[in-house]
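J.:
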Amino acid sequence: GDSVTQMEGPVTLSEEAFLTINCTYTATGYPSLFWYVQYPGEGLQLLLKATKADDKGSNKGFEATYRKETTSFHLEKGSVQVSDSAVYFCALSGVTGGGNKLTFGTGTQLKVEL
Amino acid sequence: GAVVSQHPSWVICKSGTSVKIECRSLDFQATTMFWYRQFPKQSLMLMATSNEGSKATYEQGVEKDKFLINHASLTLSTLTVTSAHPEDSSFYICSARGLVSGEQYFGPGTRLTVT
């Protein structure tokens, strides 16, 4: 079945540091890929997505590129801020379930310090 | 816009009792809502998909008689954990799929502790 593997946290960075959170996936066909962010006390929010190979999703300075050859969708940001502290989830929407079903990674907690 | 609420945000109940959790889409209509369960340091696991006016579709391994789902309107779905036991203690999260956008919007979750 479909699965998503992302790096374990917590990841602790200083403000303005470069961020990479690795995400790889296993799925049949061509899934859509997502990054969700969960701020403390809030629900998951869609951060960015990509629906086909070589697509780059971007939002709020975050980027991720759909790499079919390496089955990866790594999240990057050039300069993190304290306000980026949150838990980040990589997810895919596969061909099963009519594309409705989301399969999540375990989440990576990011802490950004001054 | 696209806000999903859950009530209660946390609940403690005794073993053997039943608990109802509500999921509401506040400013949009959702024909489809999803219920997830999250264990500490683990990913969200889809439990069931509920469609307004019809029976929920449960994922393999989820007991439908234990986790009763009702989707009575385009803005409300409920999850009832019947005869709860300590192993049912978990974080339950719902999401609602927007009619127009097709995107899933998530609620803040409900922490259930069964003593």
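Just so you know, the protein sequences line up as chains A and B, in that order.
Numbering-wise (the numbering used here), the first sequence opens with residue 1 and increments by one.
Numbering-wise (the numbering used here), the second sequence opens with residue 1001 and increments by one.
Where a beta carbon is used, it is the ideal one built from N, C-alpha and C, also for glycine.
1) Along the chain, where does the beta strand (DSSP E) containing Arg67 of chain A start, and where does it finish?
2) Give the residues from the stretch 99-110 of chain A that approach chain B closer than 7 Å (Cβ to any Cβ), ordered along the chain.
3) If we call anything under 7 Å between Cβ atoms a contact, is Ile21 of chain A one with Tyr88 of chain A?
4) What separation, rounded to the nearest whole angstrom, lies between the Cα atoms of Thr1082 of chain B and Val1114 of chain B?
5) Less than 7 Å between the C-beta atoms of Ala91 of chain A and Phe18 of chain A, yes or no?
6) Give the C-beta separation of Gln1042 of chain B and Gly1109 of chain B to the nearest angstrom, bearing in mind that I take them to be a contact with Cβ-Cβ under 8 Å.
7) Applying a beta-carbon distance threshold of less than 9 Å, which residues of chain A neighbour Glu1022 of chain B?
8) Taking Cβ-Cβ distances shorter than 7 Å, what residues in chain B pair up with Gly41 of chain A?
9) What residue range is occupied by the uninterrupted beta strand (DSSP E) comprising Lys1014 of chain B?
10) So the beta strand (DSSP E) Arg103 of chain A belongs to, where does it begin and stop?
11) Reducing DSSP to helix, strand and coil, say where Val82 of chain A ends up.
12) Looking only at its chain, what residues have a beta carbon closer than 7 Å to the beta carbon of Asn1051 of chain B, apart from the 5 residues adjacent to it on each side?
13) Residues of chain A with CB under 7 Å from Glu1103 of chain B, in chain order?
14) Tell me, please, whether the CB atom of Leu1044 of chain B is closer than 7 Å to any CB atom in chain A?
T.: According to the data block:
1) The sequence position of residue 67 of chain A within the first sequence is 67, counting from 1. Segment: none, Arg67 of chain A is in no beta strand (DSSP E) and carries neither H nor E.
2) Asn100, Lys101, Leu102, Phe104, Gly105, Thr106 and Gly107
3) Sequence index remark: in the first sequence, residue 21 of chain A carries index 21 (1-based). Sequence index remark: in the first sequence, residue 88 of chain A carries index 88 (1-based). Yes.
4) Here the question's residue 1082 of chain B lines up with position 82 in the second sequence. Here the question's residue 1114 of chain B lines up with position 114 in the second sequence. For Thr1082 of chain B and Val1114 of chain B, the distance between alpha carbons rounds to 11 Å.
5) Here residue 91 of chain A refers to the residue found at position 91 of the first sequence. Here residue 18 of chain A refers to the residue found at position 18 of the first sequence. In this structure, Phe18 of chain A does not lie closer than 7 Å to Ala91 of chain A by Cβ.
6) As a working note, residue 1042 of chain B is residue 42 in the second sequence. As a working note, residue 1109 of chain B is residue 109 in the second sequence. So it is not a contact: roughly 14 Å between Cβ atoms.
7) As a working mapping, residue 1022 of chain B is identified with position 22 in the second sequence. None at all; the shortest Cβ gap to chain A is about 14 Å.
8) Numbered from 1 along the first sequence, position 41 holds the residue referred to as residue 41 of chain A. Those are Pro1108, listed as they occur along chain B.
9) Counting from one through the second sequence, the residue named residue 1014 of chain B turns up at place 14. Note, Lys1014 of chain B: premise wrong, no beta strand (DSSP E); not H, not E.
10) Taking the first sequence and counting its residues from 1, the one referred to as residue 103 of chain A is at position 103. The sequence shown places Thr at residue 103 of chain A, rather than the Arg named in the question. Looking at the DSSP string, the run of the beta strand (DSSP E) that includes Thr103 of chain A is Leu102 to Phe104.
11) Reading the first sequence from its first residue, position 82 is the one you call residue 82 of chain A. Helix.
12) One-based indexing of the second sequence puts residue 1051 of chain B at position 51. Answer for Asn1051 of chain B: Thr1031, Thr1032 and His1071, listed in chain order.
13) Walking along the second sequence from the start, residue 1103 of chain B turns up at place 103. Those are Leu46, listed as they occur along chain A.
14) Locating residue 1044 of chain B in the second sequence gives position 44, counting from the first residue. At least one chain A Cβ lies under 7 Å of Leu1044 of chain B.
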